[in-house]
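Working notes for the structure below.
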Amino acid sequence: MGDSEIIYLDNAATTKIDSAVIEKMKIALEEYGNPNSSHELGNRAKNLVEESRIHVANMINAKPEEIIFTSGGTESNNWAVYSSVCTTKKRTIFSSEIEHHSIHQSIHEFRKSIGTKGHFVPVNADGEVDINYFQERMDNGVGLVSIMMANNEIGTIQPIKKLAEIAHRYGILFHTDAVQAAGKIKIDVKDLNVDMLSLSGHKFHGSKGVGILYVKSGINLHPMISGGHQENGYRAGTYNVPGIVGIGEAARLVNSQEIMDEIGLKAQLFWVGMKTSISDIERNGNPNLSVPGVVNVCFKGVEAKAIVLELSKRGVCCSSGSACNEGTTIPSHVLKAIGCSTYKSHSSIRFSFSRFTTKEDIYRALEIIVEVIKEHREKC
Ligand code: PLP
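The sequence shown runs 1103 to 1482 under our numbering.
Following this line, the structure appears as structure tokens:
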């Protein structure tokens, strides 16, 4: 199947790298100096890294010195947890039931090794964290609160500013995983008043294998990787210059409010099209409380994995659950947390959109989806 026949509706898993980002990365690949060398080539590479840091800082209203480059969202999330355990010496971490595995698993690992206690705040049927539950359980024995800005499966946006304010009343560090918020809603670290924030380049048209951890000035950070003096000694290792240049360019080109609104309208067009042509479907989560561009649908009586495979054969790329859960039979922890049965979870498919999704893609995808669901239901 040629690329032109593919309709890509899996932008929550990863996004198409922007051609302008590729162009910038090519320059960085050719600029082979080591940013830590003090000669001309080293300086040129260093300048590229620092220019990129400024673009990323501008995107989230941070200062350049508050941006640390990492290998992606997973590392940034692991680091936030690890650093808080090391610096605060407090072993209780609050998070939500619907966080990405990179948060859940890192808390779990610390539980095994040093007895860290993870506390997972429940969410309602829309995927919103229970603020009262959260507030009632806060005390100064908690070392970190890490709650995601937007969920990767159903798109729910959490009230981060309010949650951070509650945590700060008790002197607790606040981290947010904003990986799925980037390019979909505005991120302003000053307004949110978070202490740490994670981003991943490939979720907003940059490349894979690069991300950032924002760390507010004055926050105590424990180094992640030991070795050289890169990133002020907090994260050693020769810089991934092309990846860093890519995330910087992606940040410079990040969707304007107008484009984010357009993505929302396209997702709405898609959902309305499905609702009018397919019976017995239900949307998981609440679109009014979600980032634009994520439509998670339960198709009653169908096996999602079989549908995703069949859609793929006909050119439509989407996923059942998150990319991390693909290939397993474990029901989504996110859908479970919002009250979906295992049966419903196994019948749910996530479609996600980007600035590169066209209306034609949507109409064509709708035709194919309607056809596939009809055939599947007739067989069962
Ligand atoms: N956090 C969320 C919410 C995600 O959706 C993902 C990726 O799917 C990550 C973190 C991990 O990011 P990365 O793929 O850069 O490791």
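Don't be surprised by glycine CBs; every beta carbon is placed ideally from N, CA and C. If you're wondering where the values come from, they're calculated on a predicted model, not measured in any experiment.
Kindly examine the ligand PLP and report whether one of its heavy atoms sits closer than 8 Å to the Cβ of ASP1112.
Working through the sequence shown from its first residue, we reach residue 1112 at position 10. No, the Cβ of ASP1112 stays beyond 8 Å of every heavy atom of the ligand PLP.
Should ARG1155 be labelled buried (16 or more other beta-carbon atoms within 10 Å of its own) or exposed?
Start at 1 with the first residue of the sequence shown, and residue 1155 comes out as number 53. Result: buried.
If you count every other CB in all the chains shown that lies within 10 Å of the CB of GLN1359, and 16 or more means buried, which is it?
The residue labelled residue 1359 in the question sits at position 257 within the sequence shown. Result: exposed.
For GLY1320 and ASP1232, the rounded distance between their alpha carbons
For this step, residue 1232 is matched to residue 130 along the sequence shown. For this step, residue 1320 is matched to residue 218 along the sequence shown. So the two alpha carbons sit approximately 30 Å from each other.
Below 8 Å on the Cβ atoms is my guess for VAL1244 versus LYS1192; work out the distance and round it to an integer in Å.
Within the sequence shown, numbered from 1, the residue matching residue 1244 stands at position 142. Within the sequence shown, numbered from 1, the residue matching residue 1192 stands at position 90. Indeed they touch by this definition, with Cβ atoms about 6 Å apart.
Please classify ASP1105: does DSSP put it in a helix, a strand, or coil?
Within the sequence shown, residue 1105 is the residue found at index 3, counting from 1. Helix at ASP1105.
Given the structure, does ALA1269 come close to the ligand PLP, in the sense that its CB is under 8 Å from one of the ligand's heavy atoms?
Within the sequence shown, the letter at position 167 stands for residue 1269. Answer for ALA1269: no, Cβ out of range of the ligand PLP.
Can the beta-carbon of ILE1380 be found less than 9 Å from the beta-carbon of ARG1457?
Counting from one through the sequence shown, the residue named residue 1380 turns up at place 278. Counting from one through the sequence shown, the residue named residue 1457 turns up at place 355. No, the pair does not count as a contact, with Cβ atoms beyond the cut-off.
Taking the continuous beta strand (DSSP E) assigned at ASP1279, which residues delimit it?
Walking along the sequence shown from the start, residue 1279 turns up at place 177. Start and end: 1275 to 1279.
Nearest-angstrom Cα separation, counted from ILE1440 out to THR1258
Within the sequence shown, residue 1258 is the residue found at index 156, counting from 1. Within the sequence shown, residue 1440 is the residue found at index 338, counting from 1. The alpha-carbon atoms of THR1258 and ILE1440 are separated by roughly 11 Å.
Assigned secondary structure, ARG1457 (DSSP; H/G/I helix, E/B strand, else coil)
On the sequence shown, residue 1457 is found 355 positions in, with the first residue counted as 1. It is coil, neither helix nor strand.
Output needed for GLY1175: all residues of its chain with C-beta closer than 8 Å, excluding positions within five of it in sequence on either side, in chain order.
The count along the sequence shown starts at 1 and reaches residue 1175 at position 73. Spatial neighbours of GLY1175 in its own chain (CB-CB distance under 8 Å, excluding positions within 5 residues in sequence) are listed in chain order as HIS1202, SER1204, ASP1279, VAL1281, SER1300, LEU1301, SER1302, LYS1305 and GLY1313.
Can you tell me whether SER1106 is buried or exposed, with buried defined as 16 or more other CB within 10 angstroms of its CB?
Residue numbering aside, residue 1106 sits at position 4 when the sequence shown is read from its first letter. So SER1106 ends up on the exposed side.
Ends of the beta strand (DSSP E) at SER1154?
Taking the sequence shown and counting its residues from 1, one reaches residue 1154 at position 52. It is not in any beta strand (DSSP E) - SER1154 instead sits in the alpha helix (DSSP H) that spans 1142 to 1162.
DSSP three-state assignment for ALA1193, whether helix, strand or coil
In the sequence shown, counting from the first residue as 1, residue 1193 sits at position 91. Inspection of the sequence shows that residue 1193 is occupied by Arg rather than by Ala. Note: ARG1193 maps to coil in three-state DSSP.
Rounded C-alpha distance that separates GLY1285 from SER1139:
By one-based count along the sequence shown, residue 1285 stands at place 183. By one-based count along the sequence shown, residue 1139 stands at place 37. For GLY1285 and SER1139, the distance between alpha carbons rounds to 34 Å.
Environment of CYS1442 [buried if 16+ CB atoms lie within 10 Å]:
The residue given as residue 1442 occupies position 340 in the sequence shown. Counting Cβ neighbours within 10 Å, CYS1442 comes out buried, since at least 16 surround it.
Would you report the Cα separation of ALA1467 and ILE1274, rounded to the nearest angstrom?
Position 365 of the sequence shown, counted from the first residue, corresponds to residue 1467. Position 172 of the sequence shown, counted from the first residue, corresponds to residue 1274. In this model, ALA1467 and ILE1274 are separated by some 46 Å (Cα to Cα).
Does the Cβ of HIS1304 lie closer than 8 Å to at least one heavy atom of the ligand PLP?
Along the sequence shown, one-based indexing puts residue 1304 at 202. Yes, the ligand PLP has a heavy atom inside 8 Å of this Cβ.
Sequence-distant residues of its chain with Cβ nearer than 8 Å to ASN1242 (five each side left out)
The sequence position of residue 1242 within the sequence shown is 140, counting from 1. Contacts found: TYR1272, GLY1273 and ILE1274.
Going straight from the alpha carbon of SER1328 to that of ILE1195, what length do you get?
Within the sequence shown, the letter at position 226 stands for residue 1328. Within the sequence shown, the letter at position 93 stands for residue 1195. Distance between the alpha carbons of SER1328 and ILE1195: 25 Å.
Go to VAL1343, then tell me how far its alpha helix (DSSP H) extends in each direction, as first and last residue.
In the sequence shown, the residue the question calls residue 1343 occupies position 241. Residues 1343 to 1354.
Counting only C-beta atoms, is THR1444 closer than 9 Å to chain D at any point?
Chain labels in this structure do not include chain D; a single protein chain is all it has.
Using only alpha-carbon positions, find the residue among ARG1213, THR1431, GLY1395 and ASN1388 that is nearest to ALA1408.
Within the sequence shown, residue 1408 is the residue found at index 306, counting from 1. Proximity to ALA1408 across ARG1213, THR1431, GLY1395 and ASN1388 peaks at THR1431, based on C-alpha coordinates.
Could you tell me if ARG1239 is buried or exposed, where buried requires 16 or more neighbouring beta carbons within 10 angstroms of its beta carbon?
Taking the first residue of the sequence shown as 1, we reach residue 1239 at position 137. So ARG1239 counts as exposed.
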